[in-house]
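The numbering of the sequence shown is UniProt numbering, which starts it at 1 and goes up by one.
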Amino acid sequence: MTHTDDDVLVAFLRGHALDAVPPSGLDPRVVLASSRRKRAFVRGARAAAALVVAGAVVVGGVTLADRWDRPTPPVDEVPGPTTPQPTDADPQPADDAAAVGLAEGIRAVNLPVATTLADGTAVLDLGLGDAWPSLGDRLALTTGPAQGANPEPDVDPVFDAAPPGAEVRVWTASAEGLRTRVATLSWLPADTPADYPDGVYPAPTKVVEESVAGHTLLLGAVPSWITDPTVTLHLSGEVRLADGSTGRALAVPTFAAPTPDGRLLYLVAFDPSAGVSDGEGYAVTITDGPGRALLAGCPGSDVDACVAAVADPVSALPEMCAELPAGIAGTGPSYEGWWSSTPATEDGGVRTDPADWPPIMREHPRTVLVDTRNGKVLESFDRIACSSIPDYAVPAGLALPPDAVVVLDADTGEILQTMSPPYFEPQW
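Written as structure tokens, this is what we have:
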């Protein structure tokens, strides 16, 4: 908007403000300037990179201090934009995004955003809200034990033995607080090649979400002696890359941990369609500026050998029923879940090969749902016989939580899932 346009608009607004009943107490010129200043502030805040968690290390950001205390300039002194600015509907540039797509079904953390949850926990929001099924709406990264007002138990003997300030934890979370710890990672501070006499730098941590569809995370750290790294993920087969081409090697961004050493980390999230959760191999190379590369978790430099060594294909499985017959469940209240569902592809097709099923579904093909208030079996499912499990009895002495409905492995008695009971007493 030009200065002349500003004057015309201000005169128009002022005339309408004088005619208003009751008359407005706002000066249109001040309102126009304030509106522009607020838009500039919002753009600056969106462009800010992740800040220090707990005030230790700056991951990236811009200073916006005293923005609200500055005097309101006249409209004529407010500079107009020289280039089109993004609106809420415009896609944000990839290099400013919290997470970026590497290939079909594969994303990586790029610029996590520092924030504080309602329970007081300082976290990095990783920008991967749907990468892990949970009651929360985001994945968050912290360092040190959970510090919220009512933190859940956060104990891991191996992880908690890590040197202070050399570890991070990935959680499912919501705006209210942390939910469930998903993954942990620790490293050796200020490490050098001499700290790894076998020549093998630690592999990334791989975590597979087994209860739904096999979402997978890879979380790793860059050696501290490599300050300008290029991290590359190598897959066993070609995938469709973000630019529309296909390939096996994906460049992975890094981000600084919210720790005193600001260790560079990488985190890659795989949808079930990406295949890594089914045991397909992968490898990670970390290359320094001069081009010297190390292969994380594998000796030598043979990438294909590392991919093959990491592969953990699903072993031979018995014939199992993907679609359970209708009406076999039982007489009690029905609970929908992986135990009764039909494994399906993205387009709705049935996954008939158990190797393509969520791990928990193929590893526990015979399940029962039990109301622990009275020991009644509500439902039972047998994917091997493709039927229910008649005359199932809860094993004597099996410890069950009170006032709950549990999903049990019918053969081992393992509690696979715990849910709230019906709010009404079952009728038999």
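Backbone N, C-alpha and C define an ideal beta-carbon position, used for all residues, glycine too.
Between E167 and L185 the beta-carbon gap is near 7 Å, inside 8 Å, which marks them as a contact. Beta-bridge partners of R366 (DSSP): D382. In the DSSP assignment, L139 forms a beta bridge with T172.
The Cβ-Cβ distance between V252 and L235 does not fall below 9 Å. For L294 and L188, the gap between their C-alpha atoms comes out near 17 Å. Separation of L218 and Y282 (C-alpha to C-alpha, rounded to the nearest whole angstrom) is 10 Å. Taken atom to atom, the span from the alpha-carbon of D125 to that of I389 is near 44 Å.
Looking at T172, V394, L102, V113, the one whose alpha-carbon comes closest to that of A131 is T172.
A Cβ-Cβ contact shorter than 9 Å links A257 with L264. Around V123, the same chain offers V53, T115, L117, A140, L141, T142, A173 as residues with beta carbons nearer than 7 Å, after the five sequence neighbours per side are excluded.
The bridge partners DSSP lists for Y266 are G220. The Cβ atoms of S334 and E104 do not sit closer than 9 Å to each other. Counting along the chain, V303 sits inside the alpha helix (DSSP H) bounded by residues 303-310. Taking C-beta atoms as the reference points, T287 and P229 count as a pair closer than 9 Å. Each of D304, P343, D137 was checked against the Cα of E323, and the nearest Cα belongs to P343. Restricting attention to T367, P163, D119, I415, the CA atom closest to the CA of P260 is found in P163. A straight-line Cα-Cα distance of about 36 Å links V407 and V239. Separation of Y201 and A311 (C-alpha to C-alpha, rounded to the nearest whole angstrom) is 18 Å. For R169 and G101, the gap between their C-alpha atoms comes out near 22 Å. DSSP places I415 in the strand class (E or B) of the three-state scheme. Assigned with DSSP and collapsed to three states, A274 falls in helix. The residue from A296, P354, I328 with its alpha-carbon nearest to that of C321 is P354. In the DSSP assignment, Y282 is bridged to L235. Under the 10 Å beta carbon count, N110 is surrounded by 16 or more other beta carbons and is classified as buried.
In this structure, the alpha-carbon of L400 lies about 27 Å from that of A183. Collapsing the DSSP output to three states places D356 in a helix. Bridge pairing for G247: V239 [DSSP].
One Cα belongs to W338, the other to E414, and the distance between them is close to 16 Å. Around the beta carbon of G220, 16 or more other beta carbons sit within 10 angstroms, so the residue counts as buried.
A check of alpha carbon separations from G289 across T227, V368, R362, D195 identifies T227 as the nearest. Where R107 is concerned, the enclosing beta strand (DSSP E) starts and stops at 106-109. Bridge partners of V406 according to DSSP: V370, T418.
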